[in-house]
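One structure is given below, encoded as structure tokens.
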Amino acid sequence: MGTIEHLINAVGTFTTPMMIFHVAWATLLGIFVGSLPGLTATMGVALLTSLTYGMERDAAILVLICMYVGAIYGGSRSAILLNIPGTPASAATALDGYPLARQGKAAYAMGLATAGSALGTFLGIILLVAIAPPLAAVALKFGSFEFFWLAVFGIIISGQLTADGNALKGYIAGLLGLAIAMIGSEGIHAVVRFNMGMPELNGGIGLIPAMVGVFGFAEVLTAMSGNDGLAIKSEKDSSRTIPRAVDLIKYRATIIRSGIIGTLVGIIPGVGEDIGAWASYTAARARSKEKELFGKGSQEGLIAAETGNSAVVPGSLIPAITLAIPGSAPSAVLIAALFIHGIRPGPMIMIEQPEIIYSIAVMLMMATIAILVFGLSLTRLFVTVLRVPNAYLMPIIFTLCVIGPYAISQRLFDVWVMVFFGIIGFFLRNMKYPMPPLVLGIILGALLDKSLRRGLILSDGDVTPFFTRPISAGFALLVVLVVLAGIPAVRRRFQRFSSSGHISE
Amino acid sequence: MMKMKSADMVTGLVLIVLGIAMVWGGFVMDRLEIRRIHPASIPGLVPMGIGAAIALCGAGLFFTSWRGADKTRIDFGDIRILAWTAGLCSVFALLLVGHLPFLVATFLFIAAATTRFGWKEGLGLKGNQRQIIYAVMSGAVFSALITALFRYAFLVRLP
């Protein structure tokens, strides 16, 4: 079957009344989760995974993708109305969204953000359908040597790009994730490692309890110890909600550029929506004819940030589906959910279940339509919900953090794991250690371990194939370059060298 | 509030110890000679590599923070509220859940946490009456809703 047939089949599957009902409630829930500061897309997807356990496969994945798209979009609500990004992905949105709201254009800013998010996701979907099948075909050529380097590259690049100025802390977070992944039975000889005398650790640390802890419980602690309440009144607003076509046409180049940047950022392992938004915002500012408006209520800046962060969603699913390597933290949970529901992401996906990529494209499209409908029609309701103080909300969220991981395995040990990771995550985040590399390390640990040892068995202990096979050599070179770029002294020398070369020209 | 520099130095030392422990753990791990596995596939190989990398990064963190002049402080927010949140959440997750029926444990947690976090200092019991009533109602409604959702809709055998 070709692309068009797969897409038509997927449209048929996902346009039944029941599926449309799932799209409606899951996207709406996602928008609320994203719009409430303290609740992130990762937390929403992780908590909802436990709720989809008993659902039929297609419906379960649909619900999780709608939650993901809705939450990333929903972050713009509080960023515009309260100047508090609902999710880290919306931090760039607040820069211009809030000044627009202060000028009495909150509704119009939300309309622009909605259009930007929808167009960004739409561009990402086109690239998903175009890139994922050939990438899966290339990935079939990957052997143990290439997968080892891919795992190393994922940790290094994620650590580098998500660290707040200190790449070393990003690498440390990634290495700690890898160390956690070493706990439990290993995948080649089934030897139990580092279980510290606890039989519960023989199966390893569960990804969902760890993620709910790091992103859920840690957020509860952060929200409660920081801002007390959310009851900030927005400005009186009489602007229209539906964006003018002329504005969208005027910023078409920004929309397309931000969509492409967002998707490409999404493809990079473990980087995520916030980097997509900032990269798009920076690029838009550099090329804008109205640079002086950026940060003071620029419509172009708002559109760039929202298009960029939303395009990361389909982008992050490209490596998640074809390589089983998540492009962002929420897509890491999605990989776990895909396994739970009997889908095996990885290079074999185009052979075993080729329809999945097209199904996911249609799911994303339906979620995009839903954010357009809800985003443009429920503005006033969002303002009311955003006034719920943390004191009332957080106890309920923590209850879900407890029951969510328990529901998957039905063992109390996973609740303890969640609490442990929540406390560790809270301290690490406050000490400026990024969390995505930690999560990526937990996911990629088994792949790295098995690939290295299998590669060494195949080469009879010789390490040269890791550096001489073409794709391996390319990845090895990339890893070296990324590590060098993370060393401040090397970066300074390179900048001096390039600026002196520029002057001599 | 703790200085970032001191925190980084302590973390660096902890990471060095953790890394060395991991290298040692990998080194003494069963090499399965009895099963005649390939020596390059011993289970301790990757843990040793990761341990060495952690120790190296720990040393890097220690020395860069020692030589650096970072004067930023780590802001954990309101320590009193943080302690209350961590305490209440830990008691609920580690003690109440599993020892009391889930419905009761959830009711107690939501009611207690909502009362504590919504408590207005200086108003006393009388001034906070409305808050307490709201917290008890919130506990009753949400514990019943969450319990019913997981037990009957998702067929989870609750603790």
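Protein sequences appear in the order of chains A and B.
Counting in our numbering, the first sequence runs from 1 upward without gaps.
Counting in our numbering, the second sequence runs from 1001 upward without gaps.
All C-beta atoms, glycine included, are put in the ideal place defined by N, C-alpha and C.
Considering only residues of the same chain and omitting the five flanking positions on each side of residue i, which have a CB-CB separation below 6 Å?
{"i": "G297 (chain A)", "result": "D96, P99, L100 and Q103"}
{"i": "L7 (chain A)", "result": "Y358"}
{"i": "T511 (chain A)", "result": "The structure shown has nothing for residue 511 (chain A), since chain A only spans 1 to 505."}
{"i": "T1115 (chain B)", "result": "I1132 and A1135"}
{"i": "L400 (chain A)", "result": "L47"}
{"i": "W1024 (chain B)", "result": "none"}
{"i": "I318 (chain A)", "result": "L128, I131, A132 and I267"}
Measure the C-alpha to C-alpha separation of residue i and residue j and round it to an integer number of angstroms.
{"i": "S90 (chain A)", "j": "G276 (chain A)", "result": "10 Å"}
{"i": "V129 (chain A)", "j": "I371 (chain A)", "result": "21 Å"}
{"i": "N1128 (chain B)", "j": "A1112 (chain B)", "result": "13 Å"}
{"i": "L1082 (chain B)", "j": "S377 (chain A)", "result": "38 Å"}
{"i": "H189 (chain A)", "j": "D449 (chain A)", "result": "12 Å"}
{"i": "T249 (chain A)", "j": "E273 (chain A)", "result": "For the sequence presented, residue 249 (chain A) should be read as Ile rather than Thr. The alpha-carbon atoms of I249 (chain A) and E273 (chain A) are separated by roughly 24 Å."}
{"i": "I321 (chain A)", "j": "G70 (chain A)", "result": "20 Å"}
{"i": "W1066 (chain B)", "j": "T42 (chain A)", "result": "35 Å"}
{"i": "R287 (chain A)", "j": "S280 (chain A)", "result": "11 Å"}
{"i": "M110 (chain A)", "j": "G1012 (chain B)", "result": "45 Å"}
{"i": "W416 (chain A)", "j": "G1087 (chain B)", "result": "14 Å"}
{"i": "T27 (chain A)", "j": "F21 (chain A)", "result": "10 Å"}
{"i": "Y251 (chain A)", "j": "I180 (chain A)", "result": "46 Å"}
{"i": "V507 (chain A)", "j": "V482 (chain A)", "result": "The question about residue 507 (chain A) has no answer, for chain A in this structure spans 1 to 505."}
{"i": "P330 (chain A)", "j": "T49 (chain A)", "result": "11 Å"}
{"i": "A283 (chain A)", "j": "G295 (chain A)", "result": "14 Å"}
{"i": "V480 (chain A)", "j": "S158 (chain A)", "result": "14 Å"}
{"i": "P354 (chain A)", "j": "V23 (chain A)", "result": "23 Å"}
{"i": "Y1152 (chain B)", "j": "D247 (chain A)", "result": "49 Å"}
{"i": "L230 (chain A)", "j": "P395 (chain A)", "result": "Note that L230 (chain A) scores a pLDDT of 39, beneath 50, so its modelled location is shaky and nothing firm can be said."}
Are residue i and residue j closer than 7 Å when you measure CB to CB?
{"i": "V313 (chain A)", "j": "I4 (chain A)", "result": "no"}
{"i": "D1070 (chain B)", "j": "K1005 (chain B)", "result": "yes"}
{"i": "P1043 (chain B)", "j": "E200 (chain A)", "result": "no"}
{"i": "S472 (chain A)", "j": "E146 (chain A)", "result": "yes"}
{"i": "F148 (chain A)", "j": "G461 (chain A)", "result": "no"}
{"i": "I403 (chain A)", "j": "F1150 (chain B)", "result": "yes"}
{"i": "I208 (chain A)", "j": "P405 (chain A)", "result": "yes"}
{"i": "L444 (chain A)", "j": "G44 (chain A)", "result": "no"}
{"i": "G262 (chain A)", "j": "A311 (chain A)", "result": "yes"}
{"i": "G315 (chain A)", "j": "I267 (chain A)", "result": "yes"}
{"i": "I1050 (chain B)", "j": "L1018 (chain B)", "result": "no"}
{"i": "P465 (chain A)", "j": "L140 (chain A)", "result": "no"}
{"i": "V1010 (chain B)", "j": "A407 (chain A)", "result": "no"}
Count the other C-beta atoms from every protein chain shown that fall within 10 angstroms of the C-beta of residue i, then say buried if there are 16 or more, exposed otherwise.
{"i": "Q1131 (chain B)", "result": "buried"}
{"i": "Q160 (chain A)", "result": "buried"}
{"i": "P488 (chain A)", "result": "exposed"}
{"i": "A485 (chain A)", "result": "exposed"}
{"i": "A137 (chain A)", "result": "exposed"}
{"i": "A245 (chain A)", "result": "exposed"}
{"i": "W278 (chain A)", "result": "buried"}
{"i": "E219 (chain A)", "result": "buried"}
{"i": "Y433 (chain A)", "result": "buried"}
{"i": "L176 (chain A)", "result": "buried"}
{"i": "M198 (chain A)", "result": "exposed"}
{"i": "V152 (chain A)", "result": "buried"}
{"i": "K169 (chain A)", "result": "buried"}
{"i": "Y171 (chain A)", "result": "buried"}
{"i": "E300 (chain A)", "result": "buried"}
{"i": "K522 (chain A)", "result": "Because chain A in this structure spans residues 1 to 505, residue 522 (chain A) falls outside the shown range and cannot be described."}
{"i": "E235 (chain A)", "result": "Confidence at E235 (chain A) is low in this model, with a pLDDT of 48, below 50, so the placement of that residue should be treated as unreliable; the coordinate-derived value is given next. E235 (chain A) should be labelled exposed."}
Enumerate in chain order the residues of its own chain whose CB-to-CB distance from residue i is below 8 Å, with the five nearest sequence positions on each side excluded.
{"i": "V1200 (chain B)", "result": "Since the first residue shown for chain B is 1001 and the last is 1159, residue 1200 (chain B) is missing from the structure and cannot be characterised."}
{"i": "D58 (chain A)", "result": "T13, F14, M19 and S359"}
{"i": "T93 (chain A)", "result": "G75, S76, A79, I80, P85, A113, A277, L302, A305, E306 and N309"}
{"i": "T1034 (chain B)", "result": "The sequence given here has Ile at residue 1034 (chain B), not Thr. Within the same chain, I1034 (chain B) has no close Cβ partners at all."}
{"i": "D228 (chain A)", "result": "Low per-residue confidence applies at D228 (chain A): pLDDT is 44, beneath 50, and the placement is therefore not dependable enough to give any value."}
{"i": "A210 (chain A)", "result": "I180, V417, M418, F421, V439 and I442"}
Does any CB atom of chain D fall closer than 7 Å to the CB of residue i?
{"i": "H1099 (chain B)", "result": "Structure shown: chain D not included; protein chains present are A and B."}
Grab me the residues of residue i's own chain with a C-beta within less than 7 Å of its C-beta, minus the 5 sequence neighbours each way, in chain order.
{"i": "T1106 (chain B)", "result": "S1143, I1146 and T1147"}
{"i": "P345 (chain A)", "result": "A320, I321, A324, I335 and L338"}
{"i": "F1092 (chain B)", "result": "A1105 and F1109"}
{"i": "N202 (chain A)", "result": "G184, S185, V192 and N195"}
{"i": "G1118 (chain B)", "result": "Q1131 and A1135"}
Point to revise | Proximal residues, the stretch 451-476 of chain A versus chain B, C-beta separation under 7 Å | key: Contact annotation: in the stretch 451-476 of chain A, residues whose CB is within less than 7 Å of a CB in chain B are L452, R453, L456, I457 and G461.
Exercise for review: Name, going along the chain, the residues of the stretch 1033-1065 of chain B whose beta-carbon falls closer than 9 Å to a beta-carbon of chain A.
Suggested key: R1035, I1037, H1038, P1039, A1040, S1041, I1042, P1043, G1044, L1045, V1046, P1047, G1049, I1050, G1051, A1053, I1054, C1057, G1058, G1060, L1061 and T1064
Review point. Of all the residues that make up the stretch 1146-1157 of chain B, which are near chain A by a beta-carbon distance shorter than 7 Å?
Key: Here the close residues are I1146, F1150, F1154, L1155, V1156 and R1157.
Review point. Relative to chain B, which residues along the stretch 175-203 of chain A have a C-beta separation below 7 Å, given in chain order?
Key: L175, L178, A179, M182, E186, I188, H189, V191, R193 and F194
Practice item. Residues of the stretch 1099-1128 of chain B with a CB closer than 7 Å to any CB of chain A: list them in chain order, please. Key: T1106, F1109, I1110, A1113, T1114, F1117 and G1118
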